[in-house]
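Q:
Residue numbers (the numbering used here): 4 to 83.
Following this line, the structure appears as structure tokens:
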């Protein structure tokens with residue numbers, strides 16, 4: 004079984020801890036994570052995906068990329 008993501012991440016602007024509450028153990032495999040995230044996903048109807056993430060504490064956002072810099076895949080890009 005692969006290691007589950009703990010969602011430990013900090014806001015690049017204010018340094019807030021973005022790790023959310025613990026996911027109940029019996030549901031963790033559905034999320035592939037041990038904790039929820041506090042980040043707010045801002046989606047685009049046109050692109051049908053999350054285009055940026057917003058910090059719930061300071062309201063600052065960053066573009067829709069993963070922590071390793073990889074661009075998030077939109078459903079329209081994946082299917083077509």
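Don't be surprised by glycine CBs; every beta carbon is placed ideally from N, CA and C.
Any idea if residue 38 is buried or exposed, counting beta-carbon neighbours within 10 angstroms, 16 or more meaning buried?
A: With 16 or more Cβ atoms within 10 Å of its Cβ, residue 38 is classed as buried.
Q: Output the boundary residues of the alpha helix (DSSP H) element that contains residue 63.
A: It is not in any alpha helix (DSSP H) - residue 63 carries neither H nor E in the DSSP assignment.
Q: Quick one: complete alpha helix (DSSP H) runs, 4+ long, within the stretch 28–62?
A: Runs of the alpha helix (DSSP H) inside the stretch 28–62: 31–34.
Q: Would you give the residue range spanned by the beta strand (DSSP E) that residue 18 belongs to?
A: Premise fails: residue 18 is in no beta strand (DSSP E) and is neither H nor E.
Q: Apart from the five residues just before and just after residue 15, which ones in its own chain have a Cβ nearer than 7 angstroms to its Cβ?
A: Only 65 meet the Cβ criterion.
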